[in-house]
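Protein chains in written order, with our numbering: chain P, 1 to 290; chain U, 291 to 653; chain R, 654 to 909.
We put the beta carbon where it would ideally sit given N, CA and C, even for glycine.
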Amino acid sequence: MLPQVLASGLSAGSIYALMALALVITYKTTEVPNFAQGDMAMVSAFIAYMFLTDFETGFIFAFGVALVFAFLLGVGFEGLLLRRMRKPTHLNLIIMTLGFTLALFGFAGWKWGADQRHFPFPISANEVIRFGSVSISTLSVATILIAGILMLLVFVFFRFTKLGVAMQATQQDPIAARINGVPARAVVGLTFGISSVIGTVAALLTAPLITLDPTLMWDALLKGFAAAVLGGLNTPVGAVLGGYLLGVIENLFGAYVSVEFKSVVAFLIIVIVLWFKPSGLFGRHHERKV
Amino acid sequence: MIEPTRDHYQDIRLFTARGSWIKLILLLVVLVSLPLLLPGYRVFTLNYMAVFVIVGLGMNVLVGYTGQVSLGHAGFLAIGAYTMVLLMTRLAVPFPLALVMAGFVSAFFGFLLGLPALRLAGPYLAIATLGFGLAVTQIIAHSALFGGHMGLVVPDATVGPFPLSGDVSKYYVIVGITFVLALGVRNLSVTRVGRAFRAISDSEIAAATMGVDVAYYKTLSFAVSAALTGVAGGLLALMTGFISPGVFTFTLSLMFLAMVVFGGLGSITGAVLGSIVMGYLNLEMDAFQELPVLGPALEGFSERFMSTVGLPNFGWVVTGMLIVFTILIEPRGLYGLWIRALDTTKRSKSTDADLSRSGPGAD
Amino acid sequence: MSFFAVDGLTMRFGGLTALDDVSFEVDRGMIFSIIGPNGSGKSTAFNCISGIYQPTAGKIYFEGEGISGLAPHHIARLGIARTFQNIELFSTETTIDNLMLGRHQHMHSGVWSGVAMLGRATSAAREETENRERVQWIIELLDLVRVRDRPVGELPYGTQKRVELARALAMEPKLLLVDEPSAGMNADERAEVAVRMRELRAELDVTILLIEHHVQLAIGLADRVLALNFGKPIAQGAPEEIRQHPEVIKAYLGDG
Ligand SMILES: Nc1ncnc2c1ncn2[C@@H]1O[C@H](COP(=O)(O)OP(=O)(O)O)[C@@H](O)[C@H]1O
Ligand SMILES: [Mg+2]
């Protein structure tokens, strides 16, 4: 039983880890918790759906279009809305992401209706692979692999490419980075684009598992945040670990305590972690200077 | 020296100018006669807007005054509604008492949710409230006690010997309570506790060095805000006659935030106006189609580019855009626009803006 | 036991030692100045005293009681008020409301009595009126009558500094910490600040701990002076001694 639970936990955790990573990389740059992350990904998934069903394109093309759209949506959201605020206080920034998410939610409902739709996907959620006593769907295996590879790519990008390193420098110290010739504004926009793409991959992996409708990413958004809080909102690696941890904890809870209240676990974890270690398990705390 | 006989009560009294009594009486006359003038089905809309106004007052205390974001107020609305209904059905508690209890129980949960707020700033708190709102509906939807997904029917309510049967009798109860609560929140805002709330959003550090126990007041503001929202929940149950978890969604919580942002954070008048507008919008999501010229145009547009079945969702787009543009153009919302308009008219009347040379006797 | 004492105060931020084993004592009724070049740890000392920072090591005593480790609001209630170098006002509130926040700890109305403030005779209304009357003289003393009902965010810098001082005075503190009252001011305004500080000491029963970047002003006002450099105490004593102290002269010459 336990290995089975761990396997499901890992698969769910992959989605949470992706969402957490997407949330954390923008949070690190701008200190904005992007509540629109989920719905940006949801709309992008609908774009893929539109290409697959209305225009009957192939999977690769449809997903490619969705990811490009996601990137532009992220860059646009930052450049056209967040950056143009008159009073970018923390409160106002949060509210802006909320307003945007509501508009996206409404847009999706307006365009595609609130019905639950079957999302075509090249990998089946019903086919099962067996590893000893553990049986796991091909979709779950694919989810674990794709998420793992993508996150690895993101870390390689930030650690080893010239652009990535420059971006990290800007995140840590915008003024110093500007002196070194890194245009801070471009970096912020790029960060939102990348994070939107990561979120969209999570959405494309979620849609075939459940069904596609405008509430697609609500749960994943909350879990992504819970994971990020668990690992530390400032620490990408921590947030990813938090995602896997949350997936496993949640499935353990579902298996041994109660299936109905599985979703409440995320909330409890947020509260408990914040109570005992407000900066997350792997994060550091900063003091304000006066 | 300068104003030896200043009456300091002037600062905090409700009616500063002579005309304000007349305004109040006018407002009361309008409120009392409104349901008699409007067609019956509109009274339901009015009740709905009044319930939103109460939530708006609560959101204003929390978000507007202390600057803490809540994305889970639909949860408090649910707690209030279910508390009242369960007390009435299971324990035969009379409606007025059950409504008061709805406020207290909700306040208690607000206090609990406020506890983590002791240690959490901005993003963390918003995340915790998001989780709270979703958890509440989850629990309700999966518990037999709460009627699960099917929901609960609200029993008939009476106030003393008077049955609250029609929308009109409910109107007087709901609007009466809304009026009293608005007055109470206004009084709170000009006295010690309200001032401490507002200080927290301006500067927590300064507030603390004035002796304000920031953690306590943050929690307290959660409790006050939740109490108001709980009462609103009870009244919502009263007016709709039926409650189910599907009512208390994440988007409703966002709507609650939208109304205080749109109206103007920190202003009671703003919160009331914003809530009236958004309450109407939320109930009449399809009202856009009935607009004279825009309605058909919108329908045509939907048919060509969007979808007609999805048209009711257009309201969410509008709500979201209202938030986005409020924050972009005037972060203080309707109230801020009003203040700006006043300022421009004042400035055109006098050019006395030199404040630095404030010599004695100048006033 | 002296009125106020700091013993071995040390504050580190990561690798940076902002305060290094600082000790001093202040008697009741004194004006005690802390001087030192920019970044020498003066404001950090205030932040430790008022409980905003938790010192890495050292003890702080007020009227014989240890206060290090207490929360800022507890320290405020003991009778310690302060101003901030970079003004921390409630900028959307009016001048009078800022001062009324200074009265917070002397008032008692809670949620219920606040909500029920329905007439002049109710307890919350009476408390409000009384306390507004009480701070009126501070408004007059610091020349704030004309801006009494103005949101302070829109006031000029110098006026904001006065409002902040007024707010601290409204707390009726026993110990007042003033951080750079003359920052950003010209010679005339600085002279005014000096007069005001003397006035306060003469008229109120308050002990003043003063941080001042402008050395002449700081030394001229003080009964006793502490000089810091890079977080280390380099001299302490009567104003005349400090003026001639070689270390102090060196620190300031080095500073530019
Ligand atoms: N919260 C903080 N985090 C990190 N460094 C700080 C903090 N507060 C002060 N410092 C550092 O401590 C040193 C002393 O600062 P401060 O006390 O403000 O100096 P002063 O008031 O004498 O000009 C400076 O180098 C400053 O950068
Ligand atoms: Mg300083």
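With respect to the alpha helix (DSSP H) encompassing residue i, which residues constitute its N-terminal and C-terminal limits?
i, result
"Gln758 (chain R)", "Gln758 (chain R) -> no alpha helix (DSSP H), and no H or E assigned at all."
"Val4 (chain P)", "Looking at the sequence shown, residue 4 (chain P) is not Val but Gln. It spans 2-30 - the alpha helix (DSSP H) in which Gln4 (chain P) sits, taken as one unbroken run."
"Pro325 (chain U)", "310-327"
"Leu525 (chain U)", "504-530"
"Ile684 (chain R)", "Premise fails: Ile684 (chain R) lies in the beta strand (DSSP E), 684-688, not in any alpha helix (DSSP H)."
"Leu204 (chain P)", "184-206"
"Asp796 (chain R)", "Unbroken run through Asp796 (chain R): none, as it is neither H nor E."
"Ile566 (chain U)", "558-573"
"Asp115 (chain P)", "Note, Asp115 (chain P): premise wrong, no alpha helix (DSSP H); not H, not E."
Could you pull the DSSP bridge partners for residue i from this structure?
i, result
"Tyr714 (chain R)", "R:Ala658, R:Gly719"
"Gln889 (chain R)", "R:Leu879"
"Glu678 (chain R)", "R:Ala658"
"Ala734 (chain R)", "R:Leu829"
"Pro602 (chain U)", "Answer by DSSP bridge pairing: none, since Pro602 (chain U) is not bridged."
"Ser137 (chain P)", "P:Val128"
"Val443 (chain U)", "U:Phe532"
"Leu230 (chain P)", "Partner(s): none; Leu230 (chain P) has no beta bridge."
"Arg854 (chain R)", "None; Arg854 (chain R) has no bridge partner."
"Leu352 (chain U)", "Leu352 (chain U) pairs with nothing; no bridge assigned."
Look up residue i in the DSSP assignment and say whether it is helix, strand or coil.
i, result
"Gln172 (chain P)", "helix"
"Lys277 (chain P)", "coil"
"Gln300 (chain U)", "helix"
"Met664 (chain R)", "strand"
"Glu589 (chain U)", "helix"
"Leu672 (chain R)", "strand"
"Pro386 (chain U)", "helix"
"Pro33 (chain P)", "coil"
"Pro236 (chain P)", "helix"
"Pro406 (chain U)", "helix"
"Thr747 (chain R)", "strand"
"Ile617 (chain U)", "helix"
"Pro804 (chain R)", "strand"
"Leu381 (chain U)", "coil"
"Pro650 (chain U)", "Residue confidence for Pro650 (chain U) is low, a pLDDT of 36 falling below 50, so the modelled location carries little weight and cannot support an answer."
"Leu581 (chain U)", "coil"
"Leu645 (chain U)", "At Leu645 (chain U) the pLDDT is 40, less than 50, meaning the model places this residue with poor confidence; the figure from the coordinates comes in the next sentence. If DSSP states are grouped into helix, strand and coil, Leu645 (chain U) belongs with coil."
"Arg815 (chain R)", "helix"
"Leu415 (chain U)", "helix"
"Leu52 (chain P)", "helix"
"Leu212 (chain P)", "strand"
To the nearest whole angstrom, what separates the beta carbons of residue i and residue j, a pair I think is in contact under 8 Å?
i, j, result
"Ser137 (chain P)", "Ala125 (chain P)", "5 Å"
"Trp654 (chain U)", "Thr541 (chain U)", "Only positions 291 to 653 of chain U appear in this structure, which leaves residue 654 (chain U) out of reach."
"Leu342 (chain U)", "Met568 (chain U)", "Residue 342 (chain U) is actually Phe in this sequence, not Leu. Yes, they are in contact, since the Cβ atoms of Phe342 (chain U) and Met568 (chain U) sit about 6 Å apart, within 8 Å."
"Gly74 (chain P)", "Phe192 (chain P)", "4 Å"
"Val141 (chain P)", "Ile129 (chain P)", "6 Å"
"Ala368 (chain U)", "Thr427 (chain U)", "7 Å"
"Ile344 (chain U)", "Leu544 (chain U)", "With 8 Å as the limit, Ile344 (chain U) and Leu544 (chain U) do not qualify as a contact, their Cβ atoms being about 18 Å apart."
"Ala847 (chain R)", "Leu870 (chain R)", "6 Å"
"Leu442 (chain U)", "Thr448 (chain U)", "Between Thr448 (chain U) and Leu442 (chain U) the Cβ distance is about 19 Å, and since that is not below 8 Å, they are no contact."
"Ser493 (chain U)", "Phe743 (chain R)", "6 Å"
Can you list the residues of chain A that residue i reaches, using a CB-CB cut of under 7 Å?
i, result
"Ala774 (chain R)", "Absence of chain A from the displayed structure is noted, the protein chains being P, U and R."
Please list the terminal residues of the continuous beta strand (DSSP E) segment that includes residue i.
i, result
"Val449 (chain U)", "447-449"
"Phe452 (chain U)", "452-454"
"Leu862 (chain R)", "860-864"
Inset, instruction - Please determine if the region 58-73 of chain P and the region 575-587 of chain U are in contact, where contact requires at least 3 C-beta pairs separated by less than 8 Å. - result: Three or more Cβ pairs closer than 8 Å define a contact, and the region 58-73 of chain P falls short of that threshold against the region 575-587 of chain U.
Inset, instruction - Would you be able to state if there are at least three C-beta pairs under 8 Å between the region 696-714 of chain R and the region 792-802 of chain R? - result: no
Legend entry - contact_flag[the region 875-885 of chain R, the region 685-696 of chain R] where n(CB pairs < 8 Å) is 3 or more: yes
Inset, instruction - Check whether the region 855-871 of chain R touches the region 660-669 of chain R, counting contact only when three or more Cβ pairs, one atom from each stretch, lie closer than 8 Å. - result: The region 855-871 of chain R and the region 660-669 of chain R do not touch, with fewer than 3 CB-CB distances between them shorter than 8 Å.
Legend entry - Validate contact between the region 465-481 of chain U and the region 760-768 of chain R using beta carbons, cut 8 Å, 3 pairs: yes
Inset, instruction - Decide if the region 551-560 of chain U is in contact with the region 102-111 of chain P; the criterion is three or more beta carbon pairs, one per stretch, under 8 Å apart. - result: no
Inset, instruction - Would you be able to state if there are at least three C-beta pairs under 8 Å between the region 814-834 of chain R and the region 745-754 of chain R? - result: yes
Inset, instruction - Mind the definition here: the region 94-105 of chain P touches the region 196-208 of chain P only if three or more C-beta pairs lie below 8 Å; say whether that holds. - result: no
Inset, instruction - Mind the definition here: the region 502-521 of chain U touches the region 531-538 of chain U only if three or more C-beta pairs lie below 8 Å; say whether that holds. - result: no
Legend entry - Residues proximal to ligand 3 by C-beta, any heavy atom closer than 7 Å: Judged by which ligands are present, ligand 3 is missing from the structure shown, whose ligands are ligand 1 and ligand 2.
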